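Novice: Our numbering numbers the first residue of the sequence shown as 33 and each following residue consecutively. Quick reminder that beta carbons are idealized off the backbone N, C-alpha and C, glycines included. On a predicted model such as this, the values are computed, not experimentally measured, just so you know.
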Amino acid sequence: MELRDRYLQVRKRTEMICEPLQTEDYVVQPVVDVSPPKWHIGHTTWFFETFILKPYFMGYQEYDPDYNFVFNSYYETVGTRVVRTDRGNLSRPTVAEIRRYREHVDKAMYNYLCEEPSAEIKELLELGFNHEEQHQELLYTDIKYILGHNPLMPAYDKSYVSPKAEMVESDFIKMPEGIYEIGFEGKGFCFDNELNRHKVYLNAFEISPNLVTNEEYLDFINSGGYHDFRHWHAEGWDWVKTNKIECPLYWHVVNDEWYHYTFHGLGPIKPEEPVCHISYFEAYAYASWRGLRLPTEFEWEASTNKFTWGKSWEWTESSYLPYPGFAKAPGAIGEYNGKFMVNQKVLRGASEVTSPNHSRITYRNFFQTNLRWQFTGIRLAK
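1) Per DSSP, Ala413 forms a beta bridge with which residues?
2) Which of helix, strand or coil does DSSP assign to Val59?
3) What are the residues that DSSP puts in a beta bridge with Val286?
4) What residues are listed by DSSP as bridge partners for Val378?
5) Among His263, Leu234, Glu278 and Leu243, whose alpha-carbon lies nearest the alpha-carbon of Asn254?
6) If I measure Cβ to Cβ from Phe221 and keep anything under 7 Å in the same chain, skipping five residues before and after, which residues do I get?
7) Rounded to a whole number of angstroms, what is the C-alpha to C-alpha distance between Lys206 and Asn228?
8) By a C-beta neighbour count over all protein chains shown, 10 Å radius and 16 as the cutoff for buried, is Met141 buried or exposed?
9) If you reduce the DSSP assignment to three classes, tell me which class His75 lands in.
10) With DSSP run on the structure shown, which of helix, strand or coil describes Thr340?
11) Am I right that Pro280 and His309 are in contact with their C-beta atoms under 8 Å? What's the rounded C-beta distance?
12) Just to confirm the assignment: which complete alpha helix (DSSP H) runs, minimum length 4, are found wholly within the segment 196-265?
13) In the DSSP assignment, find the unbroken alpha helix (DSSP H) run with Thr46 in it and report its ends.
14) Could you spell out the range, first to last residue, of the alpha helix (DSSP H) harbouring Glu164?
15) Taking the alpha carbon of Val127 as the point to measure from, which residue in Pro68, Ser383, Val385 and Ser191 has its own alpha carbon closest?
16) Report the partner residues of Thr294 according to the DSSP bridge assignment.
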(Lines of atoms letter the chains of each structure in order from A and count residues from 1; the text may use other names and numbers.)
(Lines give C-alpha, C1' and ligand atoms only; values in the text may rest on other atoms or scores of the structure.)
Protein backbone atom coordinates (compact mmCIF):
# COMPACT_ATOMS: atom_id res chain seq x y z
CA MET A 1 0.00 0.00 0.00
CA GLU A 2 1.33 3.46 -0.90
CA LEU A 3 2.13 5.79 1.97
CA ARG A 4 -0.60 8.24 0.95
CA ASP A 5 -3.20 5.49 0.90
CA ARG A 6 -2.03 4.21 4.27
CA TYR A 7 -2.19 7.73 5.69
CA LEU A 8 -5.74 8.29 4.42
CA GLN A 9 -6.86 4.86 5.63
CA VAL A 10 -5.69 5.57 9.17
CA ARG A 11 -7.15 9.06 9.26
CA LYS A 12 -10.54 7.94 7.91
CA ARG A 13 -10.87 5.26 10.58
CA THR A 14 -10.57 7.93 13.29
CA GLU A 15 -13.37 9.89 11.64
CA MET A 16 -15.49 6.73 11.33
CA ILE A 17 -15.20 6.12 15.09
CA CYS A 18 -16.45 9.67 15.73
CA GLU A 19 -19.39 9.51 13.30
CA PRO A 20 -22.06 8.48 15.89
CA LEU A 21 -21.13 11.36 18.22
CA GLN A 22 -23.05 14.55 18.77
CA THR A 23 -21.10 17.80 19.14
CA GLU A 24 -21.62 17.83 22.91
CA ASP A 25 -20.04 14.35 23.21
CA TYR A 26 -16.74 15.69 21.90
CA VAL A 27 -16.03 18.01 24.83
CA VAL A 28 -16.64 15.94 27.99
CA GLN A 29 -13.87 14.83 30.38
CA PRO A 30 -15.45 12.98 33.33
CA VAL A 31 -12.11 11.87 34.89
CA VAL A 32 -8.43 12.65 34.38
CA ASP A 33 -7.69 9.42 32.46
CA VAL A 34 -10.37 10.17 29.85
CA SER A 35 -9.67 12.79 27.20
CA PRO A 36 -12.44 14.56 25.25
CA PRO A 37 -12.80 13.06 21.75
CA LYS A 38 -12.06 16.43 20.16
CA TRP A 39 -8.69 16.47 21.95
CA HIS A 40 -7.83 13.07 20.44
CA ILE A 41 -8.62 14.20 16.89
CA GLY A 42 -6.57 17.35 17.48
CA HIS A 43 -3.63 15.58 19.12
CA THR A 44 -3.26 12.95 16.38
CA THR A 45 -3.27 15.79 13.84
CA TRP A 46 -0.70 17.73 15.86
CA PHE A 47 1.59 14.67 15.77
CA PHE A 48 1.88 14.74 11.98
CA GLU A 49 2.18 18.52 11.87
CA THR A 50 4.87 18.62 14.57
CA PHE A 51 7.04 15.66 13.62
CA ILE A 52 6.61 15.57 9.81
CA LEU A 53 5.31 18.78 8.25
CA LYS A 54 7.03 21.51 10.28
CA PRO A 55 10.55 20.04 10.13
CA TYR A 56 10.44 18.43 6.67
CA PHE A 57 7.86 20.08 4.38
CA MET A 58 9.41 23.26 3.04
CA GLY A 59 6.97 26.15 2.97
CA TYR A 60 4.42 24.51 5.27
CA GLN A 61 2.30 27.09 7.08
CA GLU A 62 1.57 26.12 10.69
CA TYR A 63 -2.19 26.19 11.27
CA ASP A 64 -2.12 27.88 14.69
CA PRO A 65 0.97 28.36 16.91
CA ASP A 66 -1.20 27.91 20.04
CA TYR A 67 -2.06 24.35 19.04
CA ASN A 68 1.35 23.09 20.13
CA PHE A 69 0.36 24.09 23.68
CA VAL A 70 -3.18 22.70 23.32
CA PHE A 71 -2.46 19.32 21.71
CA ASN A 72 0.97 18.30 23.01
CA SER A 73 0.31 15.33 25.30
CA TYR A 74 3.46 14.62 27.34
CA TYR A 75 6.44 15.55 25.16
CA GLU A 76 8.69 17.72 27.37
CA THR A 77 11.09 18.15 24.43
CA VAL A 78 8.39 19.90 22.36
CA GLY A 79 7.46 22.47 25.00
CA THR A 80 4.76 23.40 27.52
CA ARG A 81 1.25 22.00 27.24
CA VAL A 82 -2.22 22.10 28.72
CA VAL A 83 -2.40 20.15 31.99
CA ARG A 84 -4.13 16.83 31.31
CA THR A 85 -6.95 17.55 33.77
CA ASP A 86 -7.77 20.75 31.85
CA ARG A 87 -8.43 19.13 28.47
CA GLY A 88 -12.15 19.18 29.24
CA ASN A 89 -12.02 22.93 29.83
CA LEU A 90 -11.00 23.62 26.23
CA SER A 91 -14.30 24.94 24.92
CA ARG A 92 -12.12 26.66 22.32
CA PRO A 93 -10.89 25.67 19.81
CA THR A 94 -14.31 24.37 18.82
CA VAL A 95 -15.01 20.95 17.31
CA ALA A 96 -15.58 22.64 13.94
CA GLU A 97 -12.24 24.45 14.18
CA ILE A 98 -10.38 21.27 15.07
CA ARG A 99 -11.94 19.58 12.06
CA ARG A 100 -10.66 22.44 9.87
CA TYR A 101 -7.23 21.95 11.44
CA ARG A 102 -7.41 18.26 10.59
CA GLU A 103 -8.35 19.05 6.97
CA HIS A 104 -5.48 21.56 6.73
CA VAL A 105 -2.90 19.01 7.91
CA ASP A 106 -4.38 16.18 5.82
CA LYS A 107 -4.16 18.30 2.68
CA ALA A 108 -0.55 19.22 3.43
CA MET A 109 0.37 15.61 4.21
CA TYR A 110 -1.24 14.42 0.98
CA ASN A 111 0.86 16.93 -0.98
CA TYR A 112 4.00 16.09 0.97
CA LEU A 113 3.61 12.38 0.25
CA CYS A 114 3.54 12.98 -3.52
CA GLU A 115 7.25 12.27 -3.40
CA GLU A 116 8.95 9.30 -1.76
CA PRO A 117 10.30 10.36 1.66
CA SER A 118 13.60 9.22 3.14
CA ALA A 119 13.91 6.05 5.20
CA GLU A 120 14.14 8.16 8.37
CA ILE A 121 10.87 9.95 7.61
CA LYS A 122 9.17 6.67 6.67
CA GLU A 123 10.02 5.46 10.18
CA LEU A 124 8.40 8.57 11.66
CA LEU A 125 5.34 8.10 9.45
CA GLU A 126 4.94 4.50 10.56
CA LEU A 127 5.18 5.63 14.17
CA GLY A 128 2.54 8.28 13.42
CA PHE A 129 0.20 5.69 11.91
CA ASN A 130 0.57 3.40 14.92
CA HIS A 131 0.26 6.34 17.28
CA GLU A 132 -3.08 7.29 15.72
CA GLU A 133 -4.24 3.67 15.89
CA GLN A 134 -3.50 3.71 19.62
CA HIS A 135 -5.65 6.82 19.92
CA GLN A 136 -8.42 5.11 17.94
CA GLU A 137 -8.64 2.53 20.71
CA LEU A 138 -8.51 5.31 23.29
CA LEU A 139 -11.34 7.06 21.46
CA TYR A 140 -13.51 3.96 21.83
CA THR A 141 -12.67 3.54 25.51
CA ASP A 142 -13.06 7.23 26.32
CA ILE A 143 -16.34 7.49 24.42
CA LYS A 144 -17.65 4.48 26.34
CA TYR A 145 -16.67 6.09 29.65
CA ILE A 146 -18.26 9.41 28.68
CA LEU A 147 -21.57 7.89 27.58
CA GLY A 148 -21.52 5.16 30.23
CA HIS A 149 -21.35 7.85 32.93
CA ASN A 150 -24.06 9.99 31.37
CA PRO A 151 -27.08 9.57 33.71
CA LEU A 152 -29.16 8.40 30.72
CA MET A 153 -26.51 5.87 29.60
CA PRO A 154 -27.23 6.49 25.92
CA ALA A 155 -26.12 4.04 23.23
CA TYR A 156 -23.02 4.97 21.26
CA ASP A 157 -23.95 2.94 18.18
CA LYS A 158 -26.67 0.27 18.14
CA SER A 159 -25.13 -1.21 15.01
CA TYR A 160 -21.83 -1.88 16.82
CA VAL A 161 -20.97 -5.58 16.74
CA SER A 162 -18.95 -6.98 19.63
CA PRO A 163 -16.92 -9.95 18.36
CA LYS A 164 -17.57 -13.27 20.08
CA ALA A 165 -14.80 -14.73 22.19
CA GLU A 166 -13.84 -18.27 21.31
CA MET A 167 -14.26 -20.46 24.40
CA VAL A 168 -13.03 -24.03 24.36
CA GLU A 169 -13.77 -26.96 26.65
CA SER A 170 -10.24 -27.87 27.56
CA ASP A 171 -7.95 -28.22 30.54
CA PHE A 172 -5.15 -25.79 31.28
CA ILE A 173 -2.42 -25.81 28.64
CA LYS A 174 0.78 -27.34 29.96
CA MET A 175 4.05 -25.65 29.05
CA PRO A 176 7.40 -27.30 29.77
CA GLU A 177 10.25 -25.64 31.59
CA GLY A 178 12.95 -24.28 29.37
CA ILE A 179 14.49 -21.29 27.66
CA TYR A 180 12.14 -19.18 25.53
CA GLU A 181 12.78 -16.30 23.12
CA ILE A 182 10.88 -13.11 23.98
CA GLY A 183 10.51 -9.83 22.11
CA PHE A 184 10.11 -8.60 18.56
CA GLU A 185 12.28 -9.87 15.75
CA GLY A 186 12.09 -9.53 11.99
CA LYS A 187 10.75 -6.96 9.54
CA GLY A 188 7.82 -4.64 10.10
CA PHE A 189 6.92 -2.14 12.78
CA CYS A 190 7.22 -2.54 16.53
CA PHE A 191 7.42 -0.11 19.43
CA ASP A 192 10.77 0.35 21.14
CA ASN A 193 9.56 -1.37 24.32
CA GLU A 194 9.28 -4.66 22.39
CA LEU A 195 13.06 -4.67 21.83
CA ASN A 196 15.47 -6.35 22.21
CA ARG A 197 14.65 -10.01 21.61
CA HIS A 198 16.18 -12.03 24.42
CA LYS A 199 16.07 -15.38 26.19
CA VAL A 200 14.22 -16.09 29.42
CA TYR A 201 14.11 -19.25 31.51
CA LEU A 202 10.63 -20.33 32.55
CA ASN A 203 9.69 -23.03 35.03
CA ALA A 204 6.98 -25.44 33.89
CA PHE A 205 3.58 -23.74 34.07
CA GLU A 206 -0.02 -24.10 32.96
CA ILE A 207 -2.22 -21.44 31.41
CA SER A 208 -5.96 -21.34 30.77
CA PRO A 209 -7.12 -21.53 27.15
CA ASN A 210 -10.06 -19.24 28.06
CA LEU A 211 -10.65 -15.84 29.59
CA VAL A 212 -12.60 -15.66 32.84
CA THR A 213 -16.32 -15.23 32.11
CA ASN A 214 -18.96 -12.96 33.67
CA GLU A 215 -20.57 -16.01 35.25
CA GLU A 216 -17.30 -17.08 36.85
CA TYR A 217 -16.66 -13.57 38.10
CA LEU A 218 -20.18 -13.36 39.53
CA ASP A 219 -19.31 -16.33 41.73
CA PHE A 220 -16.45 -14.26 43.14
CA ILE A 221 -18.81 -11.34 43.82
CA ASN A 222 -21.51 -13.54 45.36
CA SER A 223 -18.98 -15.28 47.60
CA GLY A 224 -18.06 -11.91 49.12
CA GLY A 225 -14.82 -11.47 47.20
CA TYR A 226 -14.97 -7.68 47.46
CA HIS A 227 -15.29 -7.94 51.24
CA ASP A 228 -12.53 -10.45 51.97
CA PHE A 229 -9.16 -8.77 52.50
CA ARG A 230 -7.29 -12.08 52.22
CA HIS A 231 -7.38 -12.01 48.41
CA TRP A 232 -6.21 -8.43 47.91
CA HIS A 233 -2.90 -6.61 47.92
CA ALA A 234 -2.83 -4.02 50.71
CA GLU A 235 -3.01 -1.21 48.13
CA GLY A 236 -5.83 -3.00 46.31
CA TRP A 237 -7.78 -3.44 49.55
CA ASP A 238 -7.39 0.27 50.30
CA TRP A 239 -8.61 1.01 46.75
CA VAL A 240 -11.70 -1.18 47.24
CA LYS A 241 -12.63 0.42 50.57
CA THR A 242 -11.85 4.01 49.61
CA ASN A 243 -13.79 3.84 46.34
CA LYS A 244 -16.51 1.44 47.59
CA ILE A 245 -15.83 -0.96 44.71
CA GLU A 246 -18.35 -3.82 44.52
CA CYS A 247 -18.17 -4.99 40.89
CA PRO A 248 -16.46 -4.36 37.52
CA LEU A 249 -16.78 -0.99 35.85
CA TYR A 250 -20.12 -0.44 34.06
CA TRP A 251 -21.92 -3.13 36.12
CA HIS A 252 -25.19 -2.13 37.82
CA VAL A 253 -27.91 -3.94 39.79
CA VAL A 254 -31.35 -3.28 38.28
CA ASN A 255 -34.36 -4.93 39.96
CA ASP A 256 -32.04 -7.43 41.68
CA GLU A 257 -30.45 -8.43 38.36
CA TRP A 258 -27.00 -7.60 37.02
CA TYR A 259 -26.83 -5.26 34.02
CA HIS A 260 -23.89 -3.58 32.33
CA TYR A 261 -23.37 -0.67 29.99
CA THR A 262 -22.18 -1.49 26.46
CA PHE A 263 -22.06 0.48 23.22
CA HIS A 264 -25.73 -0.55 22.80
CA GLY A 265 -26.70 1.06 26.12
CA LEU A 266 -27.66 -0.63 29.39
CA GLY A 267 -28.55 -4.31 29.09
CA PRO A 268 -28.42 -7.64 30.98
CA ILE A 269 -25.04 -9.23 31.50
CA LYS A 270 -24.34 -12.26 29.33
CA PRO A 271 -22.93 -14.95 31.64
CA GLU A 272 -20.88 -16.66 28.93
CA GLU A 273 -19.02 -13.51 27.81
CA PRO A 274 -15.53 -12.75 29.18
CA VAL A 275 -15.56 -10.33 32.10
CA CYS A 276 -14.26 -6.91 31.06
CA HIS A 277 -13.15 -3.57 32.51
CA ILE A 278 -11.25 -5.15 35.37
CA SER A 279 -8.38 -3.52 37.25
CA TYR A 280 -5.15 -5.37 38.01
CA PHE A 281 -6.21 -5.31 41.68
CA GLU A 282 -9.42 -7.18 40.81
CA ALA A 283 -7.68 -9.60 38.44
CA TYR A 284 -5.16 -10.50 41.15
CA ALA A 285 -7.85 -10.88 43.81
CA TYR A 286 -9.98 -13.12 41.59
CA ALA A 287 -6.99 -15.32 40.78
CA SER A 288 -6.14 -15.57 44.48
CA TRP A 289 -9.76 -16.50 45.30
CA ARG A 290 -9.52 -19.30 42.74
CA GLY A 291 -6.23 -20.52 44.23
CA LEU A 292 -4.48 -19.59 41.00
CA ARG A 293 -2.46 -16.65 39.65
CA LEU A 294 -1.99 -14.37 36.67
CA PRO A 295 0.60 -15.35 34.04
CA THR A 296 3.77 -13.36 33.62
CA GLU A 297 4.11 -11.54 30.31
CA PHE A 298 6.82 -14.03 29.33
CA GLU A 299 4.58 -17.01 30.04
CA TRP A 300 1.84 -15.33 28.02
CA GLU A 301 4.08 -14.73 25.01
CA ALA A 302 5.63 -18.21 25.16
CA SER A 303 2.22 -19.93 25.10
CA THR A 304 0.11 -17.56 23.00
CA ASN A 305 0.12 -19.74 19.88
CA LYS A 306 -1.85 -22.34 21.85
CA PHE A 307 -4.96 -20.21 22.58
CA THR A 308 -7.00 -17.45 20.96
CA TRP A 309 -6.65 -13.90 22.19
CA GLY A 310 -7.75 -10.39 21.23
CA LYS A 311 -11.15 -9.99 22.91
CA SER A 312 -9.70 -7.97 25.79
CA TRP A 313 -6.30 -6.93 27.08
CA GLU A 314 -5.04 -9.45 29.62
CA TRP A 315 -3.42 -8.43 32.88
CA THR A 316 -0.11 -10.10 33.63
CA GLU A 317 1.90 -10.39 36.82
CA SER A 318 4.79 -8.53 35.20
CA SER A 319 5.87 -5.02 36.05
CA TYR A 320 6.49 -2.79 33.04
CA LEU A 321 10.28 -2.75 32.77
CA PRO A 322 12.83 -2.40 29.95
CA TYR A 323 14.12 -5.45 28.12
CA PRO A 324 17.88 -6.09 28.13
CA GLY A 325 19.63 -3.57 25.90
CA PHE A 326 16.64 -1.21 25.71
CA ALA A 327 17.67 2.31 24.68
CA LYS A 328 15.58 5.46 24.29
CA ALA A 329 15.67 7.22 20.95
CA PRO A 330 17.03 10.79 21.02
CA GLY A 331 14.64 13.73 21.20
CA ALA A 332 10.87 13.72 21.68
CA ILE A 333 10.38 10.28 20.14
CA GLY A 334 12.45 8.83 22.99
CA GLU A 335 9.69 9.95 25.40
CA TYR A 336 7.18 7.59 23.80
CA ASN A 337 7.51 4.56 26.13
CA GLY A 338 10.65 4.52 28.24
CA LYS A 339 9.72 7.22 30.74
CA PHE A 340 6.59 5.29 31.78
CA MET A 341 8.53 2.21 32.95
CA VAL A 342 7.60 2.62 36.61
CA ASN A 343 4.53 1.74 38.72
CA GLN A 344 2.74 0.01 35.84
CA LYS A 345 1.69 -3.55 35.04
CA VAL A 346 1.96 -5.11 31.58
CA LEU A 347 -1.13 -6.14 29.62
CA ARG A 348 -0.81 -8.49 26.68
CA GLY A 349 -2.90 -9.28 23.62
CA ALA A 350 -5.39 -6.81 22.17
CA SER A 351 -9.04 -5.92 22.59
CA GLU A 352 -12.17 -5.80 20.48
CA VAL A 353 -11.55 -2.09 19.89
CA THR A 354 -7.90 -2.44 18.89
CA SER A 355 -7.46 -1.20 15.33
CA PRO A 356 -7.09 -3.84 12.58
CA ASN A 357 -3.51 -5.08 12.03
CA HIS A 358 -2.35 -3.20 15.12
CA SER A 359 -1.80 -6.24 17.36
CA ARG A 360 1.02 -8.78 17.61
CA ILE A 361 2.17 -11.28 20.21
CA THR A 362 5.10 -9.09 21.31
CA TYR A 363 2.97 -5.94 21.90
CA ARG A 364 3.40 -4.61 25.45
CA ASN A 365 0.52 -2.50 26.69
CA PHE A 366 0.78 -1.07 30.20
CA PHE A 367 -1.44 0.65 32.74
CA GLN A 368 -1.56 1.51 36.40
CA THR A 369 -3.01 -1.10 38.73
CA ASN A 370 -6.28 0.71 39.54
CA LEU A 371 -7.37 1.57 35.99
CA ARG A 372 -10.43 -0.12 34.45
CA TRP A 373 -11.69 2.03 31.58
CA GLN A 374 -9.74 0.01 29.02
CA PHE A 375 -11.14 -3.30 27.72
CA THR A 376 -9.24 -5.45 30.24
CA GLY A 377 -9.86 -9.04 31.29
CA ILE A 378 -8.38 -12.06 33.08
CA ARG A 379 -6.58 -15.22 31.98
CA LEU A 380 -5.42 -17.54 34.75
CA ALA A 381 -2.25 -19.54 35.18
CA LYS A 382 -0.75 -21.96 37.68
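Specialist: According to the structure data:
1) Bridge partners of Ala413: Ile239 and Arg325.
2) Here Val59 sits in helix by DSSP.
3) Among the bridge pairs identified by DSSP, Val286 is matched with Glu289.
4) Note: Val378 sits in a beta bridge opposite Phe398.
5) Out of His263, Leu234, Glu278 and Leu243, Glu278 has the C-alpha closest to the C-alpha of Asn254.
6) Taken in chain order, the residues that qualify are Glu158 and Asn162.
7) If I take the Cα positions, the gap works out to 27 Å.
8) Looking at its Cβ environment, which holds 16 or more other Cβ atoms inside 10 Å, Met141 is buried.
9) In the structure shown, His75 falls within a helical segment according to DSSP collapsed to helix, strand and coil.
10) Of the three classes helix, strand and coil, the one that applies to Thr340 here is coil, per DSSP.
11) Contact between Pro280 and His309 holds, since their C-beta atoms are separated by about 5 Å, short of 8 Å.
12) Qualifying alpha helix (DSSP H) stretches, in chain order: 246-254.
13) Thr46 -> alpha helix (DSSP H) spans Leu35 to Cys50.
14) Ala151 to Gly180 is the extent of the alpha helix (DSSP H) around Glu164.
15) Ranking Pro68, Ser383, Val385 and Ser191 by CA distance to the CA of Val127 puts Pro68 first.
16) According to DSSP, Thr294 bridges with Gly297.
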